[in-house]
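Residue numbers (numbering that gives the first Met the number 0): 0 to 548.
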Amino acid sequence: MIVLSEDSQRTSGKDAQSMNITAGKAVAESVRTTLGPKGMDKMLVDSSGGVVVTNDGVTILKEMDIDHPAANMIVEVSETQEDEVGDGTTTAVVIAGELLDQAEELIDSEVHPTTIAQGYRQAAEKAKEVLSENAIDVTADDRETLEKIAATAMTGKGAESARDTLAKLVVDAVLAVRDDDGTIDTDNVSVETVVGGSIGNSELIEGVIVDKERVDENMPFAVEDANVALYDGAIEVKETEIDAEVNVTDPDQLQQFLDQEEKQLKEMVDKLTAVGADVVFVGDGIDDMAQHYLAQEGILAVRRAKDSDLQRLARSTGGRVVANLDDITEDDLGFAGSVAQKDIGGDERIFVEDVEDARSVTLVLRGGTEHVVDEVERAIDDSLGVVRTTLQDGEVLPGGGAPETELALQLRDFADSVGGREQLAVEAFADALEVIPRTLAENAGLDPIDSLVDLRARHDGGEFGAGLDAYTGDVIDMEAEGVVEPRRVKTQAIESATEAATMILRIDDVIAAGDLKGGGSDDGGDDEMPPGGGGMGGMGGMGGMGGAM
Numbered sequence: 000m001i002v003l004s005e006d007s008q009r010t011s012g013k014d015a016q017s018m019n020i021t022a023g024k025a026v027a028e029s030v031r032t033t034l035g036p037k038g039m040d041k042m043l044v045d046s047s048g049g050v051v052v053t054n055d056g057v058t059i060l061k062e063m064d065i066d067h068p069a070a071n072m073i074v075e076v077s078e079t080q081e082d083e084v085g086d087g088t089t090t091a092v093v094i095a096g097e098l099l100d101q102a103e104e105l106i107d108s109e110v111h112p113t114t115i116a117q118g119y120r121q122a123a124e125k126a127k128e129v130l131s132e133n134a135i136d137v138t139a140d141d142r143e144t145l146e147k148i149a150a151t152a153m154t155g156k157g158a159e160s161a162r163d164t165l166a167k168l169v170v171d172a173v174l175a176v177r178d179d180d181g182t183i184d185t186d187n188v189s190v191e192t193v194v195g196g197s198i199g200n201s202e203l204i205e206g207v208i209v210d211k212e213r214v215d216e217n218m219p220f221a222v223e224d225a226n227v228a229l230y231d232g233a234i235e236v237k238e239t240e241i242d243a244e245v246n247v248t249d250p251d252q253l254q255q256f257l258d259q260e261e262k263q264l265k266e267m268v269d270k271l272t273a274v275g276a277d278v279v280f281v282g283d284g285i286d287d288m289a290q291h292y293l294a295q296e297g298i299l300a301v302r303r304a305k306d307s308d309l310q311r312l313a314r315s316t317g318g319r320v321v322a323n324l325d326d327i328t329e330d331d332l333g334f335a336g337s338v339a340q341k342d343i344g345g346d347e348r349i350f351v352e353d354v355e356d357a358r359s360v361t362l363v364l365r366g367g368t369e370h371v372v373d374e375v376e377r378a379i380d381d382s383l384g385v386v387r388t389t390l391q392d393g394e395v396l397p398g399g400g401a402p403e404t405e406l407a408l409q410l411r412d413f414a415d416s417v418g419g420r421e422q423l424a425v426e427a428f429a430d431a432l433e434v435i436p437r438t439l440a441e442n443a444g445l446d447p448i449d450s451l452v453d454l455r456a457r458h459d460g461g462e463f464g465a466g467l468d469a470y471t472g473d474v475i476d477m478e479a480e481g482v483v484e485p486r487r488v489k490t491q492a493i494e495s496a497t498e499a500a501t502m503i504l505r506i507d508d509v510i511a512a513g514d515l516k517g518g519g520s521d522d523g524g525d526d527e528m529p530p531g532g533g534g535m536g537g538m539g540g541m542g543g544m545g546g547a548m
């Protein structure tokens, strides 16, 4: 009896496990050389000739043309890490790849995949306990540590040449947008990139830069001590809500009609003038006649401001976005010490600066070329994420492979207390974690065996913070050196890597499905399956990844 079509592909048993493990390991290997302060960059070229040069793990994996379903599970590890923490994406992927590599050896030794998965889960829970017990407390007042965390996230990336300057800007930005209840939304830190100048010329604007120009040449270029009105509407003649037709039989009637429209526009501008507005940001359009009246009153006006710009302006200036000009009052106005149209990178934009207690700020990043500023922006994004995470959790760990070395040591001790074959999986998990210090050594041109031996010896002596200095090859106290990162970077990396590895290990049959989105059924029933594979492109070995690697 034929169950599957003749063209169907099916791989089962150890062949399926081996194929999936190979795919996962290939993804990890593709980013492994980017890890650490001496990691190398990747150049990604798309079909149209566009180029991205980066060593940011999640960016590399997003841009790669990966077709294999198991490989895509590893890519999801980096995306989860990026969304949750903002940094550590390469670490998470490398650990996931090494967990699969260790598992493959156990499978060859006849250890069942579900046993390995169970052991991995136990090891991951124990690892999180160890990290929690050894975490270092940090508060928002400890600027020095926060700056070190920000600088660590930029190490090895394109922004490293000016990391101390940028780290200060990042900490200032995150602290500025931190709400009284401790909530931090880094979307309130806007990033503008400018090609020209050096990275060290980057600056923090305590306010908002709006990518617009004043609507009329007769309006002032700059307004000092400005009262700012935010109107999510249009300064135009209101249209009727239903289709209407006006029959004009006399020229005087047409003039009266035009005069009435002009009067409406004048009243809207008079309303803004009456409440004392010097600057107005409008969400929709501004009629030409209204522009004329606004210019006469000396009001600087901007039209078609995005909703996000209006919200950031409200947070920054302390104003309120109004939906009806008839309801606007003086209390709705925000304040800015300066609102001016300036040239930045050859484009005219509106700078809203010198605000009191800015809750929305803008980082202006500079660099010699477009590729440089793009990489600086990625580094800043990671740095913002780790500072935010640190302030939310209040806990950090030393870097330089110190946590992984300590975890490997303690997990080997923990394995003795684990019964059954799960003990072998826990020991394999410990071995897998050492891939981080080993890779740091390899990427720095050091002997990985000597480095691991030195690290183990120091940790055996009780030095939790002992990590590898990639520049000198020495094992040093990373906390004293200021190389620290949020605890959540490590715990999230271990969680995500473990979940992805165990999911891949539990797959023993790979079948080329039809339409996984339910296209094969037209009865509207419940047989719709979740998306996630389409055709099994790349299943015939690693063909689907060949062009990407």
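No residue lacks a Cβ here, since even glycine has one placed at the ideal position from N, Cα and C. Keep in mind it's a predicted model, so treat the numbers as computed, not measured.
For residue i versus residue j, is the C-beta distance shorter than 8 angstroms?
i: residue 360; j: residue 336; result: no
i: residue 191; j: residue 371; result: no
i: residue 421; j: residue 117; result: yes
i: residue 464; j: residue 477; result: yes
i: residue 91; j: residue 395; result: no
i: residue 556; j: residue 382; result: Since the first residue of the chain shown is 0 and the last is 548, residue 556 is not available in this structure.
i: residue 348; j: residue 408; result: no
i: residue 431; j: residue 97; result: yes
i: residue 166; j: residue 146; result: yes
i: residue 261; j: residue 218; result: no
i: residue 155; j: residue 68; result: no
i: residue 221; j: residue 301; result: no
i: residue 500; j: residue 102; result: yes
i: residue 332; j: residue 275; result: yes
i: residue 158; j: residue 379; result: yes
i: residue 466; j: residue 136; result: no
i: residue 410; j: residue 122; result: yes
In whole angstroms, what is the alpha-carbon distance linking residue i and residue j?
i: residue 85; j: residue 56; result: 11 angstroms
i: residue 373; j: residue 54; result: 12 angstroms
i: residue 315; j: residue 148; result: 26 angstroms
i: residue 517; j: residue 182; result: Any reading at residue 517 needs caution, since the residue's pLDDT is 49, under 50, leaving its predicted position unreliable; the model's value is listed next. If I take the Cα positions, the gap works out to 41 angstroms.
i: residue 483; j: residue 498; result: 25 angstroms
i: residue 115; j: residue 321; result: 59 angstroms
i: residue 209; j: residue 186; result: 15 angstroms
i: residue 552; j: residue 457; result: No answer is possible for residue 552: the residues shown for the chain start at 0 and end at 548.
i: residue 442; j: residue 352; result: 44 angstroms
i: residue 471; j: residue 449; result: 13 angstroms
i: residue 43; j: residue 58; result: 10 angstroms
i: residue 40; j: residue 295; result: 55 angstroms
i: residue 357; j: residue 177; result: 10 angstroms
i: residue 342; j: residue 214; result: 16 angstroms
i: residue 272; j: residue 184; result: 34 angstroms
i: residue 527; j: residue 74; result: Confidence in residue 527 is poor, its pLDDT being 41 and thus under 50, which makes the residue's placement unreliable; the coordinate value appears in the next sentence. C-alpha separation (whole angstroms): 25 angstroms.
i: residue 445; j: residue 163; result: 26 angstroms
i: residue 523; j: residue 304; result: With a pLDDT of 45 at residue 523, under the threshold of 50, the modelled position of this residue cannot be trusted; read the value that follows with caution. So the alpha carbons of these two residues sit roughly 44 angstroms apart.
i: residue 413; j: residue 131; result: 16 angstroms
i: residue 534; j: residue 48; result: Caution applies to residue 534, whose pLDDT of 40 falls short of 50 and renders its modelled position unreliable; the value that the coordinates give is listed next. Near 27 angstroms, if we compare the C-alpha coordinates of residue 48 and residue 534.
i: residue 212; j: residue 340; result: 7 angstroms
i: residue 50; j: residue 319; result: 42 angstroms
i: residue 452; j: residue 310; result: 54 angstroms
Just checking my contact of residue i with residue j at CB under 8 angstroms: how many whole Å lie between their CB atoms?
i: residue 406; j: residue 25; result: Rounded, the Cβ-Cβ distance is 25 angstroms, inconsistent with contact.
i: residue 234; j: residue 285; result: 5 angstroms
i: residue 173; j: residue 366; result: 22 angstroms between Cβ atoms; not a contact.
i: residue 493; j: residue 72; result: Not confirmed; about 16 angstroms, so no contact.
i: residue 391; j: residue 80; result: In fact, because the Cβ distance is near 16 angstroms, the residues do not count as touching under 8 angstroms.
i: residue 485; j: residue 368; result: Residue 485 to residue 368, Cβ: 31 angstroms. No contact.
i: residue 189; j: residue 207; result: 7 angstroms
i: residue 105; j: residue 496; result: Not a contact, Cβ separation roughly 17 angstroms.
i: residue 265; j: residue 327; result: About 16 angstroms; that fails the 8 angstroms criterion.
i: residue 479; j: residue 439; result: Their Cβ separation, rounded to whole angstroms, is 18 angstroms, which puts residue 479 and residue 439 out of contact at 8 angstroms.
i: residue 375; j: residue 198; result: 6 angstroms
i: residue 113; j: residue 505; result: 7 angstroms
At a cut-off of 7 angstroms, is residue i close to the ligand FMN when judged by its beta-carbon and the heavy atoms of the ligand?
i: residue 283; result: Here there are no bound small molecules, and the ligand FMN is not part of this structure.
Sufficient close CB pairs (3 or more, under 8 angstroms) joining the segment 216-229 to the segment 384-400: When Cβ pairs closer than 8 angstroms are counted between the two stretches, the segment 216-229 is seen not to touch the segment 384-400, the count staying below three.
For the 8 angstroms Cβ check, are there 3 or more pairs between the segment 273-290 and the segment 188-204? Segments in contact, no.
Hey, is the segment 86-106 in contact with the segment 430-443, meaning 3+ C-beta pairs nearer than 8 angstroms? At 8 angstroms Cβ cutoff, the stretches touch.
With three or more C-beta pairs closer than 8 angstroms as the rule, is the segment 28-45 touching the segment 58-70? Counting C-beta pairs closer than 8 angstroms gives three or more between the segment 58-70 and the segment 28-45, which meets the contact rule.
Where are the alpha helix (DSSP H) runs, 4 residues long or more, that stay fully inside the segment 286-366, in chain order? Counting only runs of at least 4 residues, the segment 286-366 fully encloses the following alpha helix (DSSP H) elements, listed from N- to C-terminal order: 287-295 and 306-316.
Going along the chain, which unbroken runs of the beta strand (DSSP E) with 3 or more residues stay wholly within the segment 123-170? Counting only unbroken stretches of 3 or more residues, no beta strand (DSSP E) element lies wholly within the segment 123-170.
Can you give, in chain order, each stretch of the beta strand (DSSP E) that sits fully within the segment 44-104 and has at least 3 residues? If we require 3 residues or more, the beta strand (DSSP E) runs fully inside the segment 44-104 come out as 50-53.
List in chain order: all unbroken alpha helix (DSSP H) runs of 4+ residues lying wholly within the segment 397-445. Those alpha helix (DSSP H) runs which fall completely within the segment 397-445 and span 4+ residues are 401-414, 421-432 and 434-442.
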